[in-house]
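Undergrad: Starting off with a structure, shown below.
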Amino acid sequence: MHTEVVSEPGDPARPNEDFAAVALPASGQGGAVVVLDGVTPPRGGTGCLHSVPWYIARLGGALTELTLSLPDVPLSEVLSRAIARTAAAHAATCDLSHPRTPQATVVVARWGTEAVEYLVLSDSALLLESSEGSVTAVLDDRLSRLPRSSLATDAIVDSTVRNKEGGFFTAAADPAVADRAVTGTLPRREVRALAALTDGATRWVEKFHEGTWEDCFRLLHKEGARALVRRVRTLETTDTERVFLRRSKTHDDATVVLVGL
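With positions in the sequence shown counted from 1, the corresponding number in our numbering is that position plus 2.
Okay, here's the thing in structure tokens:
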């Protein structure tokens with residue numbers, strides 16, 4: 003198995019709010035990838051004493067451990083347990099009902115000798131390369147399908163669509179959100195490689211339209227994960243007229259995990 007992990011902060015002066023882990027069980031068979039993208043809150047209170055990196059470290063650590071230690075438990079239940087464990091760590095000190103309590107997007111992939119399982123929640127992406135070379139993008143596209151009016155201000159987002167029916171969902175403090183994730187299973191023999199990307203890296207496809215998901219995977223194979231992030235950074239810097247970025251931040255945390263199975 004070959005793995006490559008790259009994670010760069012959008013701003014070197016700020017903590018990277020992404021999380022990435024590649025883990026192998028003690029048995030030596032199979033493995034798992036966990037990638038989180040912490041949601042940067044707007045200015046103002048979040049109801050929590052803790053930072054987004056604090057939350058990401060705990061949720062990511064719990065999710066990685068449980069994904070491996072509970073191989074027969076579905077990934078949606080694994081995520082639910084990880085959210086519950088993380089919530090319990092600060093429920094006594096923080097208002098977990100606040101719409102901006104620390105939260106994250108989630109990508110998990112787990113493989114054994116017979117199957118590859120996956121889970122995607124919110125706008126990070128999982129790319130699966132088949133044994134024939136075709137690429138399938140596993141996406142939770144609810145956020146991208148919302149009308150622009152629903153995303154006009156932070157207040158509108160929080161009151162109408164964030165973690166609400168008809169809107170979009172992230173891993174925050176409610177374990178039930180795990181049932182909203184996109185999940186699936188494929189035969190192990192049908193998957194030869196996979197890549198997990200936070201939206202700071204998916205910009206190459208989704209914002210700048212430099213190529214398809216197949217093109218993206220070819221770039222990862224040919225030049226590596228760091229090359230993809232570097233290309234995104236160049237595109238961000240040259241988009242001075244905000245033609246592609248529009249209201250998005252110029253640079254976002256960008257994480258890429260590439261695994262050859």
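No residue lacks a Cβ here, since even glycine has one placed at the ideal position from N, Cα and C.
In this text, all values refer to a predicted model and were calculated from it rather than measured experimentally.
#1: Mark L145 as exposed unless 16 or more other C-beta atoms lie within 10 angstroms of its C-beta, in which case mark it buried.
#2: Return the chain-ordered ranges of every beta strand (DSSP E) run that is complete within the segment 184-215 and spans a minimum of 3 residues.
#3: If I'm right that A183 touches V259 with Cβ under 8 angstroms, what's the distance once you round it to whole angstroms?
#4: Would you kindly work out how many angstroms separate the C-alpha atoms of G63 and G168, rounded to a whole number?
#5: Pairing CB atoms from the segment 76-87 with CB atoms from the segment 124-135, are three or more of them under 8 angstroms?
#6: Three or more beta-carbon pairs under 8 angstroms between the segment 238-258 and the segment 196-207, yes or no?
#7: Please return the same chain residues whose Cβ sits closer than 8 angstroms to the Cβ of L148, not counting the five positions on each side in sequence.
#8: With a CB to CB cut of under 6 angstroms and the five nearest residues on each side skipped, what residues in its chain are close to P11?
#9: Helix or strand or just coil, what does DSSP make of H92?
#10: Tell me whether A173 is buried or exposed, calling it buried when 16 or more other Cβ atoms sit within 10 Å of its Cβ.
#11: How many whole angstroms separate the CB atoms of A34 and L70, which I take to be in contact at a CB cut-off of 8 angstroms?
#12: What does the alpha-carbon distance come out to for the pair P177 and L81?
#13: Start and end of the alpha helix (DSSP H) containing R235?
#14: Between R150, D181 and S151, which has its C-alpha nearest L165's C-alpha?
#15: Any chance the CB of T5 is under 7 angstroms from a heavy atom of the ligand SAH?
#16: Using the three-state DSSP reduction, which class does V80 fall into: helix, strand or coil?
#17: Please go through the same chain and pick out, in chain order, the residues whose beta-carbon is closer than 6 angstroms to the beta-carbon of P104, but skip the five residues on each side of it.
#18: Quick one: using the 10 Å Cβ neighbour count with 16 as the cut-off for buried, is A28 buried or exposed?
#19: Locate the beta strand (DSSP E) running through T257, then write down its first and last residues.
#20: Please return the same chain residues whose Cβ sits closer than 7 angstroms to the Cβ of D241, not counting the five positions on each side in sequence.
#21: For H264, which three-state DSSP category applies?
#22: Does the segment 211-225 touch the segment 130-144, meaning 3 or more C-beta pairs lie closer than 8 angstroms?
#23: Do R102 and R48 come within 8 angstroms of each other at the CB atom, strictly closer than that value?
#24: Taking the alpha carbon of R60 as the point to measure from, which residue in D74, A89 and E79 has its own alpha carbon closest?
#25: Out of V108, V24, R112 and A175, which one is the CA nearest neighbour of C96?
#26: If you count every other CB in all the chains shown that lies within 10 Å of the CB of V75, and 16 or more means buried, which is it?
TA: Per the coordinate set shown:
#1: Burial of L145 is indicated by the presence of at least 16 other C-beta atoms within 10 angstroms of its C-beta.
#2: Within the segment 184-215, the complete beta strand (DSSP E) segments of 3 residues or longer fall at 184-189 and 193-199, listed in chain order.
#3: The pair is not a contact, with the Cβ atoms about 18 angstroms apart (cut-off 8 angstroms).
#4: 30 angstroms
#5: no
#6: yes
#7: Correct list, in chain order: V163, G169 and F170.
#8: N18 and D255
#9: coil
#10: buried
#11: 6 angstroms
#12: 7 angstroms
#13: A227 to T240
#14: Sequence check: residue 165 is Asn here, not Leu. Here the closest residue by C-alpha is D181.
#15: As far as ligands go, the structure on display features none, and thus does not contain the ligand SAH.
#16: helix
#17: C50, V54 and Y57
#18: exposed
#19: If you look at T257, you'll find it in the beta strand (DSSP E) that goes A256 to G262.
#20: Result list for D241: L247, in chain order.
#21: Residue 264 falls outside the range modelled here, since the chain spans only 3 to 263, and no answer is possible.
#22: With a cut-off of 8 angstroms, the segment 211-225 and the segment 130-144 count as touching, because enough Cβ pairs lie within range.
#23: With the sequence shown as reference, residue 48 is identified as Thr, and Arg is not the correct amino acid for it. For T48 and R102, yes; Cβs fall inside 8 angstroms.
#24: A89
#25: C96 has its Cα closest to that of A175, out of V108, V24, R112 and A175.
#26: exposed
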